[in-house]
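Mapping of the sequence shown onto mature numbering (1 follows the signal peptide of the UniProt record, and there is no 0): residues -24 to -1, 1 to 409, in sequence order.
For glycine and all other residues, C-beta sits at the position ideal for the given N, C-alpha and C.
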Amino acid sequence: MISKLLRGVLVAVLPIFIITGCNNQNNDHNQMDHDSKEMDHANMNHEDMDMSSNDKDKDNKTNEMEFAKPPNSFNRLASQNMIVTATKNVTRINTDDPIELSVMVSQTVWPATHKENQPGGIILVPVESWQIALASVDLIHHPNNGPVLFTKDQKIPDAVLKEINRLQPLGTADGTQIMVIGNLGKSELDKLKNFKLKQISETDPAAFAKEIDQFYSDIAGKTPQSVIIGSLEDKAKLYTLTAANWIAHMEEPLLYVSSNEIPQPTKEALQQRKGKANIYLLGPESVISKEVENELTSFGTVVRIAGDTPVQQSVSFATYKDEKTKFGWGLNDPGHGVSFISTKTPELAIAAAPFSHLGKHAPLIWLENGTLTKDVYEFLARLKPTFTDDPTVGPYNHAFLSGTFRSISYQTQGIIDEKLEIIPATGEGHAGH
């Protein structure tokens, strides 16, 4: 009887010991595996890590080279029977008229449907003077927060008047709703009688830029330590206009020099920085001489941002970043906005500057006679986004393209659209996504 009972107990208990033993053995093996992995990790040398890093850099460089290649097969029927001007990654503002563009950009950036998206103050500038209009772009930025709209022949175009009434600007800190740049006559000013105005009549570009610098400093409550220096000469126009998007985006003003001289108003504006100005010089020595650069060092630190051509200048500025002062766009990776304008229509750059103020905060990139050049292909390759398994997490790029199909073709738009598109890191297409 006892013998049978003992056998029953052993039958019931023995499997438990066996299972426990197996579990302990497995735990021992797991611990040994874990220890082994830790030892392997601990023994892994920096050379292996360096090789992995170098391989990744090499892959990235290979991808960039591939992304930078222009297409070689085109569809000649692609632009026929088009009923839209936008593509998935490109918003085209379809006009070559700077006055019309200023209104269209204003309506795009400031819907003005309610207080939160109405502008503070509107800037009315003469379309005839790119130097005056460009320096005024500094006022697009906060705390003013408003578009540049154009006057022509000292008159306010009807389309601009209608846009002013649509926007109903809220006013700046002192209540100013419209800043009138230039000499508008009384009959024209009377058209704005329902708004509070401030007028700046200075016509000398260097003196005007100094006034804008002071005006912005007054409304912002501080003087920016950093400034952009550009040439006011017509031969430098395409180089200097690349400042437009930055001064609309951030607080730094634009001050003017000529190729061989610093005007007195510019010196006086720089002196306000008390020898500690961060000066960013736009353009090569063919546009602003080395002598001017050297003279500017008496006012602070000088950095020249230069490209041999206007297109290269725009790319140099778009990719530049001063990590110490945080000046510059630093566009060297995916997930950005870009504003494209043809070198054939440079006057559009001022009207399109608000695209850098709100929304995608886009720098200006020139298209040489409306086409993509090697420098721009390589720039876009740096921005090319890729995904591992989920394209919905981005990053995404977007472009604004100002001009008609006459100035920038639909084919060029299509290439930009494709170059900005997010693709699988494997390069195998979107199948399965």
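Complete runs of the alpha helix (DSSP H) confined to the region 219 to 280 [at least 4 residues]: 220 to 225, 240 to 247 and 266 to 272
Simplified DSSP state of Gln175, which is helix, strand or coil: strand
First and last residue of the uninterrupted alpha helix (DSSP H) at Met80: Pro74 to Val85
Secondary structure of Val60, DSSP reduced to three states: coil
Cβ neighbours of Glu269 in the same chain (closer than 7 Å, five flanking residues each side left out): Leu257, Val278 and Arg280
Burial state of His118 (16 or more Cβ within 10 Å): exposed
Asp284 in three-state terms, based on DSSP: coil
Beta-carbon contacts of Ala224 that lie in its chain and below 8 Å, excluding the five residues immediately before and after: Val113, Asp114, Ile116, His117, Ala329, Pro330, Ser332 and His333
Neighbour-count burial assignment, Lys13, 16 or more Cβ in a 10 Å radius: Note that Lys13 scores 42 on pLDDT, short of 50, meaning its location in the model is unreliable; the coordinates nonetheless yield the value given after this. Result: exposed.
Rounded straight-line distance, which links the Cα of Glu42 to that of Pro241: 49 Å
Residue range of the beta strand (DSSP E) that includes Ser315: Gly313 to Ser318
Between the CA atoms of Pro74 and Asp134 - distance to the nearest angstrom: 14 Å
Alpha-carbon spacing of Leu160 relative to Leu217, whole angstroms: 25 Å
Per-residue burial, Phe58 [other beta carbons within 10 Å of its own, 16 or more giving buried]: Residue 58 is actually Met in this sequence, not Phe. It is exposed - the Cβ of Met58 has fewer than 16 other Cβ atoms within 10 Å.
Contact check, Asn254 vs Phe303, beta carbons under 8 Å: yes
Neighbourhood of Pro145 by C-beta, 8 Å cutoff - its chain only, sequence neighbours within 5 removed: Gln94, Pro95, Gly96, Gly97, Ile98, Gly122, Gln153, Ile154 and Phe171
Paired residues, beta bridge with Thr67 - DSSP: Phe376
Residues near Ala220 in its chain [Cβ-Cβ closer than 7 Å; skip 5 each side]: Leu110, Val113, Ala325, Ile326, Ala329 and Leu340
Among Phe316, Thr362, Thr321 and Asp166, nearest to Ile391 - alpha-carbon criterion: Phe316
For Phe191, three-class secondary structure by DSSP: helix
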